[in-house]
Amino acid sequence: MELSLPTRYEDGFAIIEVVGEVDVYSAPELRKCISDLVDEGYIHLILDLNGIRFFDSTGLGVLAGGLKRVRSRRGSLRLVCTSERVLRPFRITGLHKVFAIHASTEEAIRAAGRKGA
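In the UniProt record's numbering, the protein residues as written are 1 to 117.
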């Protein structure tokens with residue numbers, strides 16, 4: 001259960017590249033990464049999920065909690081994902097209507113600019 005979360009900063013966003021498996025064992029690491037960034041004042045996040053090899057409902061819960069956390073501070077959490085395997089749980093649960101999901105980081109940044117993050 002290996003997870004890597006390299007983070008970079010661009011145009012006012014903290015961009016987390018989620019690489020590996022997001023499951024019951026690794027999800028706390030992702031939760032901590034999101035929480036730490038928000039605590040440091042980064043309230044506009046983009047999570048690039050294209051590097052995920054496995055994603056389960058625990059990951060959905062972490063992302064929903066992260067979204068709630070940034071919104072409580074008037075921030076945003078956008079997802080980048082083109083993998084049907086990862087997108088499927090969002091569609092099954094209806095969360096694709098809750099999250100802003102984009103095909104690329106650039107698209108997410110452009111869309112945020114039009115909507116004020």
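Don't be surprised by glycine CBs; every beta carbon is placed ideally from N, CA and C.
Under a 10 Å Cβ-count criterion, Ser76 is classified as buried, with 16 or more other Cβ atoms of the shown protein chains found around its own Cβ. Remark: fewer than three beta-carbon pairs, one from each stretch, lie closer than 8 angstroms, so the region 98 to 110 and the region 23 to 39 are not flagged as touching. The Cβ atoms of Val24 and Leu49 lie no closer than 8 angstroms to each other.
Under DSSP, the beta-bridge partners assigned to Tyr9 are Ala14.
With contacts defined as CB atoms closer than 8 angstroms, Ile92 and Leu47 fail to qualify as a contacting pair. Inclusion of Leu45 and Val22 in the CB contact set at 8 angstroms is not warranted, their separation being larger than that value. By alpha-carbon distance to Ser83, the top candidate from Ile43, Thr58 and Ser104 is Ser104. For Ala27, the CB contacts under 8 angstroms within the same chain, skipping 5 residues up- and downstream, are Thr58, Gly59, Gly61 and Val62 in chain order. Annotation for Ile46: the continuous beta strand (DSSP E) segment containing it runs His44 to Phe55.
In the DSSP secondary-structure assignment, Leu77 is bridged to Leu45.
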